[in-house]
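Here the structure is laid out as structure tokens; the discussion comes afterwards.
Residue numbers (this note's numbering): 1 to 175.
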């Protein structure tokens, strides 16, 4: 498997995610929502992707993002990103897609503090799952470890275990 190459189709990413126990665990609820049409998996719209690339800076991966309105949701991703970067980012976003508290929160207004507390919990869980997935895939496939080491400067968020304080700082949560 070529982790450095962009996937030709989203199914490539899903097959990679299914190679680990943690990936299969998050993939099962995602696929239920995906098949029912509650969640879609789409490329970022071109203008948004260009804006994100400009903000993040040269060579930094855009990753993926989950949004929902309380009834339906979308995971957006950068289809030009390497497979080895996309898979962990999608695991992270699939964790959000399976989090019913995020679906409920989209239906009701919240204070900034309540929203930050909810999002910190959701992000902490998603980063833990992402980290576990990366560790399992590294153990299962030496080529993935080699790929990550070659991308070390660009993908710190995929290779380091982030704690609550790191996550709060990364997202600017006011807790």
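No residue lacks a Cβ here, since even glycine has one placed at the ideal position from N, Cα and C.
DSSP state of residue i mapped onto helix, strand, coil
i	result
residue 44	coil
residue 73	strand
residue 114	helix
residue 39	strand
residue 64	strand
residue 162	coil
residue 88	helix
residue 1	coil
residue 80	coil
residue 105	helix
residue 130	helix
residue 7	coil
C-beta atoms of residue i and residue j nearer than 8 Å
i	j	result
residue 84	residue 147	yes
residue 117	residue 175	yes
residue 82	residue 30	no
residue 39	residue 73	yes
Buried versus exposed call for residue i [16 or more other C-beta atoms within 10 Å across all chains shown]
i	result
residue 55	exposed
residue 165	exposed
residue 194	Not covered by the structure: residue 194. The range shown for the chain is 1 to 175.
residue 78	buried
- Would you call the region 94 to 104 and the region 156 to 168 touching, i.e. three or more CB-CB distances under 8 Å? no
- Item | Cβ pair count under 8 Å reaching 3, the region 131 to 151 against the region 45 to 52 | no
- Message: Using 8 Å as the cut-off, can you tell me whether the region 56 to 75 makes contact with the region 8 to 27, which would need three or more C-beta pairs spanning the two stretches below that distance?
- Response: No, they do not touch.
- Count the C-beta pairs between the region 8 to 21 and the region 149 to 158 that are closer than 8 Å, then say yes if the count reaches three, no if not. no
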